[in-house]
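Chemist: Chains as they are written, first to last, in this note's numbering: chain A, 44 to 621; chain B, 2 to 404; chain C, 2 to 290; chain D, 427 to 742.
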Amino acid sequence: MNVPTIVTPELQKRFHVPGRIAALAGGLLLAASAYLPWAYDGDALDNMAFLGGPSTLQFLGALLGLLLAVSAGMAWVEPWADRKGILPRLLMVSRRAGWTRGTKALGVGLLGFIAVVLIAIALELGGLVTIEYGGWVALAGALLGFVGSRLLTPGRAPSLEKVKTPAWLEIVSIAVLLLVALLLAAYALNQNDGGTFLSILAFIGALVAFILRVGAGGWLSAAGQRHRNVLVFSSFAVAFLFPFTQNGSDANMSIATQVLIFAATAVGLNIVVGLAGLLDLGYIAFLGAGAFTAATMSQSAFATIGWKPPFIVVMLIAGLVSATLGLIIGSPTLRVSGDYLAIVTLAFGEIFRISMSNLDGSDGPDLVHGSSGIPAIPNLNLFGFDFGKVHTVLGIPLGRFSNYFFLMLLIMALIVLVFTRLNHSRIGRGWVAIREDEKAAEAMGVNVFGLKLLAFAGGAFLAGLAGAVKAHVDQSVTPDQYIFLESAFLLAAVVLGGMGTVMGVLLGAALLKLVPEKLRFVNEYRMLIFGLLMVLMMRFRPEGMIPNQRRVLEFHSDDEELVEEIEEDLPYEFAEEH
Amino acid sequence: MRNKKLLGGAVALLSASLLFAGCGSRAESSASATGGTATKTAKIGVIAPLTGDLAVMGLGIKNSVDLAIKQANESGAIPGWTLELAAEDDQATPDVGANAATKLAADDDVVAVVGTLNSGVAQPVQPILNSATIAMVSPANTSPNLTQGADLSNPTRTYPNYFRTCTTDAIQGPFAAQYLFESGIKKLAVVNDKKPYGQGLAEAVAAKFKELGGEVVADETVNKDDKDFSSVIDIIKSKSPEAVYFGTEFQLAGPMSKQMGDKGLNVPLMGGDGIYDAKFIELGGREKDLATSVGAPIETLESGKSFVESYKAAGFSDGYSAYGAYAYDAANAIIASLKQSLASASDAKSARQATIDGLSSVSFDGATGKVAFDEFGDAVTKTLTVYEVTDGAWVAKQTGELK
Amino acid sequence: MSSQTPTVASTESRHVGKEEILAARSVTMRFGGLVAVDNVDFTVHSGEIVGLIGPNGAGKTTFFNCLTGLYKPTSGEVRFSGQVLPPKPRSVVVAGMARTFQNIRLFPNMTALENVMVGRYCRTSAMALTSILRGPKYRREEEATRARAVELLDYVGMKGQGGHLARNLPYGDQRRLEIARALATDPKLLLLDEPTAGMNPQETRQAEELIFKIRDSGLAIVVIEHDMRFIFNLCDRVLCLVRGKTLIEGTAAEVQSDPRVIEAYIGSPDSDDEASGSDVATEGEAGNA
Amino acid sequence: MTYYLDQLLNGLSLGSLYALIAVGYTVVYGIVQLINFAHGEIFMIGAFGALSTWIVLSWVTGGSTAWWNLPLMLVGGMIVAVLTAVLMERFAYRPLRNAPRLAPLITAIGISIFLQEFVRLFYGQIPGFPDAKAAIPFPQLEFFTGPAIDVGGLQVHRGNFFVMAALLICWIFLWWFVNRTATGRAMQAVSQDPDTSRLMGIDVDRIIVVAFAVGASLAAVAGLASGLRYGNIDFKMGFLAGLKAFTAAVLGGIGNINGAVVGGLTLGVVEAMATTLIPGQFGGPAWKDVWAFVLLILILVFRPQGLLGAKVVDRA
């Protein structure tokens, strides 16, 4: 990135102390401004028109402000660490934190947050005049904090991960963090107002940036490594709890279920693209194949196959059908690689879609009713559990989509298990070796063609499973759902999130599905933004939001400082993050 | 010592701010915002593509429903209640449509929904609204399966909450075939674009035309993304038909007509209500091309004329488009039913079932003609009009009923 | 044929009782009109180091590729432990022949340890389902793989470097890592393509020691090299190729003293290939220095 | 017989369109080994550029459709298309020149979506320009459009003449440009060996820009031809056309200009004939794209160098 340096190191050296004071003051000013009215009218965001009673968003802003002040002030508190007592011992720990780096990150994040809030107020109420004095005070605080934090010298790199902490503390921290994430997510999702949703996203972004830069991220990931089972288990527990936060409303569950289906498919794609390095531009066909298989074998009156086995069997068949298609699509990899392979997969994807619309009885056998597809697919009924009904658990009604959400959660768990275990096995090493240097891999005895086929078939199988559930969630399957653009979306989820990681893909999938749902005002521009985002990501952050560290090195090999920094973090055998 | 004080102060500040957040002066304010209104609120939802390629038609639907709701509120059609519009974008995509339906179903104020534009989107929306007993009236779905189930020879109603104000392929197609046959055409070529609307229509035309004793000399398809139809035209031309029926929308039909002319295939092209649009002529539709549209011509109907006038007067930025009038009728049908169902209801949610029941017996003269539903939820009106391109505009040629 | 020089008989006699591992018989490789390898015979016995020399463009690497299954010879056959191998790199590795590359081809974004573990691929068997279920057998195998890889890194003198990404290793270590990776496939025969190219004298000496160590463990080794001092220090036998043909095969001393070899390297006045001639000249000098 | 000649002619004219676009893929690929997936959108932009020129002209001429509009529209379309292509190269592709292969391809998909949406959303916002959310009628110039001409019983559309003549002229021009000009020879050199060319003092960056510009000019010609031939243009027209043209480029041998022309014509004829000649349920227009894609896959698998042979690159 060629951003011209305005704040030179000399400038930072000279204005270090004033900068710190400014950041501290800015943070406190912002915190105080939360008690003043920000908006002229209560209709904007979550009603910020009160004196002395901050709204939730204002409170979150104040929290960030205090955090900035504390973080900026830590440098003056730390010298006391040489004394004795419990507090100085805590401060010893704080010496390992990158407070200054955190302050800088928070300075940017805070300014972003306030900017989003104020712009949203102005847009929703019509004009800048609708921003009350409190809003301007907040902006002044944020600006002061931003400028101040820019003037600080970067300071030491954090090394919190080297702090020895008791196991119970780590486990509790992981659990608490995930619970906070759950509550934040539930709160954000319950906002129907685009501005509020975006403001909360900005808040989360600022907070996460701060936590990472301070070094707590390193500590957390080290803790997560040590208690991997706890981390995985509590992640799923938290996801499992999510429907209970919805007060029986299915609106968000519908979106959440679709996010899971989309993410499950994207994780499957990640095996092919992220691990084996084979670009697949027709991946949506596998989801479609699963969905069509399940639909033709469903209880729908439009289903064309008379055999109606139980859903578990249908799901397996759907997976196998997709896997077979995967084998067919993968077979050219014996001779074709690189860009050509991408084009072959794209062509296969188009062939799948056109063929499905042609299987209508007039241009081919009547298998899926052509472009009208198969509608009226009934709800699942597994072991007497009717997915279409509302089930009340602990007094909280859980609707249709919650039921499917739980099912998809189970499938997601399976897919994540498959992905991570394959990744850290002989097979996974083979895939990465193929991605790195196909010829060398072959010369080292890696079964290149077999592994490529396995990647295609395995990824396709997982997508087929997701497709089988999708048929029942959507209750109708049509070829128009499986167009090239959807493949591009899947790829974008993988690319934006981070190739080769599960967390990244989950995040990418969630954002791609959520943002258009919650930000209705960008709906008309969503494809435009999406296209631009893909270009910009490739230009500035090709490794994705949550990168696989291997990828960071691949894309930024010329940045020696970064390479060293990452290498230090690497565990002995590259145990990859999740 | 001082350090502890300072830190203590910070902790105090933090907890104080937490306290403030918890108990502000906000509690009473929110109560006053909702209280005080004399009337109760019921919402009519709209699910249509409000963004993207098909937004023109979706916005026409939304605005027309909005118009009907405003008129009802102004005239006090339902005493004690205020109607509101809850419009959701389906982006012409089934997934998004399902999300929109779920969102509306979760809103206790919603009593009925007007939508969707695409049959493909209606498929996942139907069951979601049905399980929430919310009435759904579509202004534009033409697939017969939506009302009559998979087996059309043995029709069964799949979702009791579903109605539509437009006619299905099963009416419009045969009507077109009947018109063509009666005007002396014995050899017909049928083309469709492989989309549910076009394909259903073309198949219905071909079936009826054969039944009447005509000959279908060619049955071809085109790719909806194609611009070049010359291969298909040459195939058709070699069979020398007397007319071509093209099941599609104006985006493809206009260029097709133009290329037919260029190729010297000088026979009329006919289509359904999807090509009854001025854009068809702009894009190359030739003189003598034909289209069917449901109902009598809007100018000949008192109610139709008044719809057009009030739509213009309302000052919407987009036109009412192809399905505006149907959407207006759909909304008015819902409002007619609400008059009964809401009268005795304590809240909107409890009136949902009664609204569905009431819709079956609705009957009035709407913007597109008589509005009423049969036992499957289909519009009873079988009146259609054939339009012909004359001097660069669509002119009504013949209004009639399917025999 | 030219290989039937008396020198061959003498070397063969030195290897009486040793197993014949690799036997190439009249291998010929044509690319269109170009004959890159012309009717070459070649034998390697267990526990010996054989050098393959020749000026640039002599067909050394092509011959190498024929041996390792990257190319299928136009005519002739290659027997490994008495068996004709299918011309697939993978089967060749499985049979017990491993190689390194002239221009290093590690997996740059994998750690050193992972690189070596990839080498164990063909000696392990965990498939997709076992990898997902992770039974005790899988765990044992994975543990063994890792242990062997660590051991091999120690063996080539890279103790404690397993965590570094291959791309960030110093040049000499990358060469060593390639050898470790090849050794991980449990080969009976190791083929090294210019293992000291670009190394300084100290690194070269270390490489030499490593290769002796490997030979002493019972492996046969074939080395392509331009560094003559290296070759003559190291090799029991040397085969010199010129324009695809065997010029001479014999002990290091015999080849070193053969005037034709020097002529081939420095080039005779009527040499028709300017480019390769001059290249070879400089390399020859380097080798003799 | 006339019927099959008719179909052959349909195929050739469609193929000429593919060929004009395919040259853009091939020229860029030959020089930087980059599949400029967004090239189809340049074709679309070219068509819109030509239309915009006519609209601006019509403010003066009152909507004249005289023949002399054509060269002006052509120049207008070319300027817009070349500008877009050059900007695209400068800001999206150039920074990625040493990135892993995946990166430019994903970027290209992003650009493709971005350009389509940009035209859809903002074209109609320009005062006096029609809304681009649906298809826009394209001005039908006299002489180049109108009723078909009867050539020995064959009904030949005038647009067919135009597109085939355009291809011929562009082909000759390209031959001259590549073989007879300094820039053209520099292009050849760069495509052989960019590093050596750089050492020989060739400004490689400039040559790459030239390659993008040449491709964009031809795509603009194709855009104009498409508008005249089919009477309408829309923002989506680039995707399928681009994909088919890419198929054509691969068919002929990507990197080879003559290959692009031969590949384009072959693909066009195959499509037209597949509509007619493949019997039974799996023939006809419904399956023609499937056959085109099957052809693409078969070529990539069994003869990746294409019909005329291509620059062979180690793609491992």
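C-beta atoms are modelled at their ideal positions from N, C-alpha and C, and glycine is treated no differently.
(1) Just checking: is the beta-carbon of A:ASP84 within a distance shorter than 8 Å of some beta-carbon in chain B?
(2) Going by DSSP, which residues form a beta bridge with D:VAL577?
(3) Name the DSSP bridge partner or partners of A:LEU441?
(4) In or out: C:PHE32 buried (at least 16 other Cβ within 10 Å) or exposed?
(5) Output needed for A:PHE93: all residues of its chain with C-beta closer than 7 Å, excluding positions within five of it in sequence on either side, in chain order.
(6) Using a cut-off of 7 Å between C-beta atoms, extract the partners of C:PRO90 located in chain A.
(7) Is it a yes or a no for the stretch 53-66 of chain B touching the stretch 125-132 of chain B, going by three-plus beta-carbon pairs under 8 Å?
(8) Following the continuous beta strand (DSSP E) through C:LYS246, name the residue where it begins and the one where it ends.
(9) For B:GLY61, decide whether its Cβ has a neighbour in chain A, counting only Cβ atoms nearer than 8 Å.
(10) May I ask you to verify whether the stretch 535-543 of chain A touches the stretch 431-439 of chain A, counting CB pairs closer than 8 Å and requiring at least 3?
(11) I'd like to confirm the pairing. Which residues does DSSP put opposite C:ILE54 in its beta bridges?
(12) What are the complete beta strand (DSSP E) segments, minimum 3 residues, inside the stretch 452-522 of chain D?
(13) Look up B:ASN74 in the DSSP assignment and say whether it is helix, strand or coil.
(14) If you follow the alpha helix (DSSP H) that B:SER342 is in, where does it begin and where does it stop?
(15) Could you name the residues of chain D that A:ASN401 contacts, counting a contact when the two beta carbons are closer than 7 Å?
(16) Quick one: using the 10 Å Cβ neighbour count with 16 as the cut-off for buried, is C:PRO196 buried or exposed?
(17) Look at the alpha carbon of A:PHE189 and the alpha carbon of A:PHE58, and state the distance between them as a whole number of angstroms.
(18) Are any of the Cβ atoms in chain A nearer than 8 Å to that of B:SER16?
(19) Would you report the Cα separation of C:SER3 and C:LEU242, rounded to the nearest angstrom?
(20) Taking the C-alpha atoms as reference points, what is the distance between B:GLY9 and A:GLY238?
(21) Which residue wins for smallest C-alpha separation from B:VAL381, given the options B:GLU389, B:LYS398, B:ALA171?
(22) Please name the residues in the stretch 106-120 of chain C whose beta-carbon is closer than 9 Å to at least one beta-carbon of chain A, in chain order.
(23) A:LEU465 touches chain C at which residues, Cβ-Cβ below 8 Å?
(24) What does the alpha-carbon distance come out to for the pair A:LEU465 and C:ALA129?
(25) Output the boundary residues of the beta strand (DSSP E) element that contains C:SER76.
(26) Indicate the three-state DSSP secondary structure (helix, strand or coil) for B:LYS240 in the structure shown.
(27) Just checking: is the beta-carbon of A:PRO559 within a distance shorter than 8 Å of some beta-carbon in chain D?
(28) Should D:GLY626 go down as buried or exposed, given a rule of 16 or more other Cβ atoms within 10 Å for buried?
(29) What residue ranges within the stretch 130-168 of chain B form continuous beta strand (DSSP E) runs of no fewer than 3 residues, ordered along the chain?
(30) To the nearest whole angstrom, what separates the beta carbons of C:ALA99 and C:PRO188, a pair I think is in contact under 8 Å?
(31) Does the beta-carbon distance from C:HIS46 to C:GLU21 come in below 8 Å?
(32) Leaving out five residues on either side along the sequence, give the residues of the same chain with a beta carbon under 6 Å from the beta carbon of A:MET487.
(33) Closer than 7 Å, Cβ to Cβ, to anything on chain B: give me those residues from the stretch 319-334 of chain A, in chain order.
(34) Whether or not the stretch 442-454 of chain A and the stretch 418-433 of chain A are in contact is what I'm after, with contact meaning three or more pairs of Cβ atoms, one per stretch, closer than 8 Å; do they touch?
(35) Can you say whether C:ASP217 is buried or exposed, counting buried as having 16 or more other CB atoms within 10 angstroms of its CB?
(36) Note down, in chain order, every chain D residue with its Cβ under 7 Å from the Cβ of B:SER241.
Modeler: With the structure as the only source:
(1) In the first sequence, residue 84 of chain A corresponds to position 41, counting from 1. It does not; no Cβ of chain B falls within 8 Å.
(2) Within the fourth sequence, residue 577 of chain D is the residue found at index 151, counting from 1. Bridge partners of D:VAL577 according to DSSP: D:LEU580.
(3) Taking the first residue of the first sequence as 1, we reach residue 441 of chain A at position 398. DSSP, once it has assigned bridges, lists A:HIS434 as partnering A:LEU441.
(4) On the third sequence, position 31 is the one that residue 32 of chain C refers to. The residue in question, C:PHE32, is exposed, as its Cβ has fewer than 16 Cβ neighbours within 10 Å.
(5) Start at 1 with the first residue of the first sequence, and residue 93 of chain A comes out as number 50. Taken in chain order, the residues that qualify are PRO80.
(6) Counting from 1 along the third sequence, the entry for residue 90 of chain C is found at position 89. For a Cβ distance threshold of 7 Å, residue set GLU485, ALA486 of chain A lies close to C:PRO90, ordered along the chain.
(7) With the cut-off at 8 Å, the stretch 53-66 of chain B and the stretch 125-132 of chain B do not touch.
(8) Along the third sequence, read from residue 1 onward, the residue named residue 246 of chain C stands at position 245. Here the beta strand (DSSP E) through C:LYS246 covers 246-252.
(9) Position 60 of the second sequence, counting from 1, holds the residue named residue 61 of chain B. B:GLY61 is outside the set of residues whose beta carbon lies under 8 Å from a beta carbon in chain A.
(10) Contact between the stretch 535-543 of chain A and the stretch 431-439 of chain A is absent, with fewer than three C-beta pairs closer than 8 Å.
(11) Sequence index remark: in the third sequence, residue 54 of chain C carries index 53 (1-based). C:ILE54 is bridged to C:CYS241.
(12) Counting only runs of at least 3 residues, the stretch 452-522 of chain D fully encloses no beta strand (DSSP E) element at all.
(13) By one-based count along the second sequence, residue 74 of chain B stands at place 73. Three-state result, B:ASN74: helix.
(14) In the second sequence, the residue the question calls residue 342 of chain B occupies position 341. Where B:SER342 is concerned, the enclosing alpha helix (DSSP H) stretches over 325-342.
(15) Along the first sequence, read from residue 1 onward, the residue named residue 401 of chain A stands at position 358. Chain D residues near A:ASN401: ALA712, TRP713.
(16) For this step, residue 196 of chain C is matched to residue 195 along the third sequence. Counting Cβ neighbours within 10 Å, C:PRO196 comes out buried, since at least 16 surround it.
(17) Here residue 189 of chain A corresponds to residue number 146 of the first sequence, with the count starting at 1. Here residue 58 of chain A corresponds to residue number 15 of the first sequence, with the count starting at 1. Between the alpha carbons of A:PHE189 and A:PHE58 lies a gap of roughly 14 Å.
(18) Stepping through the second sequence from its first residue, residue 16 of chain B is reached at position 15. Annotation note: pLDDT 42 at B:SER16 (below 50); position unreliable, coordinate value reported separately. No, its Cβ sits nowhere closer than 8 Å to a Cβ of chain A.
(19) On the third sequence, residue 3 of chain C is found 2 positions in, with the first residue counted as 1. On the third sequence, residue 242 of chain C is found 241 positions in, with the first residue counted as 1. Low per-residue confidence applies at C:SER3: pLDDT is 41, beneath 50, and the placement is therefore not dependable, though the value from the model is reported in the following sentence. The straight-line gap from Cα to Cα measures roughly 11 Å.
(20) Numbered from 1 along the second sequence, position 8 holds the residue referred to as residue 9 of chain B. Numbered from 1 along the first sequence, position 195 holds the residue referred to as residue 238 of chain A. Note that B:GLY9 scores 46 on pLDDT, short of 50, meaning its location in the model is unreliable and no value can be drawn from it.
(21) Start at 1 with the first residue of the second sequence, and residue 381 of chain B comes out as number 380. Per the Cα distances, B:ALA171.
(22) Listed in sequence order: ARG106, LEU107, PHE108, PRO109, ASN110, MET111, THR112, LEU114, GLU115, ASN116, MET118, VAL119, GLY120.
(23) Here residue 465 of chain A refers to the residue found at position 422 when the first sequence is read from its first residue. The contacting residues are ALA129, SER132, ILE133.
(24) Along the first sequence, read from residue 1 onward, the residue named residue 465 of chain A stands at position 422. Along the third sequence, read from residue 1 onward, the residue named residue 129 of chain C stands at position 128. When only Cα atoms are considered, A:LEU465 and C:ALA129 end up about 7 Å apart.
(25) Looking up residue 76 of chain C in the third sequence gives position 75. C:SER76 -> beta strand (DSSP E) spans 76-81.
(26) The residue you call residue 240 of chain B lines up with position 239 of the second sequence. In the structure shown, B:LYS240 sits in coil (DSSP, three-state: anything other than H, G, I, E or B).
(27) Here residue 559 of chain A corresponds to residue number 516 of the first sequence, with the count starting at 1. With 8 Å as the cut-off, A:PRO559 does not count as an interface residue toward chain D.
(28) Here residue 626 of chain D corresponds to residue number 200 of the fourth sequence, with the count starting at 1. For clarity, residue 626 of chain D is Met in the given sequence; the question names Gly instead. Exposed.
(29) The DSSP assignment places 136-139, 163-165 as complete runs of the beta strand (DSSP E) inside the stretch 130-168 of chain B, in order along the chain (cut-off: 3 residues).
(30) Here residue 99 of chain C corresponds to residue number 98 of the third sequence, with the count starting at 1. Here residue 188 of chain C corresponds to residue number 187 of the third sequence, with the count starting at 1. Right, their Cβ atoms sit about 4 Å apart.
(31) Mapped onto the third sequence, residue 46 of chain C falls at position 45. Mapped onto the third sequence, residue 21 of chain C falls at position 20. Going by beta carbons, C:HIS46 and C:GLU21 fall inside the 8 Å limit.
(32) By one-based count along the first sequence, residue 487 of chain A stands at place 444. In its own chain, leaving out the 5 sequence neighbours on each side, no residue places its CB closer than 6 Å to the CB of A:MET487.
(33) Within the stretch 319-334 of chain A, no residue qualifies.
(34) Here the stretch 418-433 of chain A lies against the stretch 442-454 of chain A, with 3 or more beta-carbon pairs under 8 Å apart.
(35) The count along the third sequence starts at 1 and reaches residue 217 of chain C at position 216. By the neighbour-count rule (16 or more Cβ atoms within 10 Å), C:ASP217 is not buried but exposed.
(36) Along the second sequence, read from residue 1 onward, the residue named residue 241 of chain B stands at position 240. The CB of B:SER241 never comes closer than 7 Å to any CB in chain D; the least such distance is about 12 Å.
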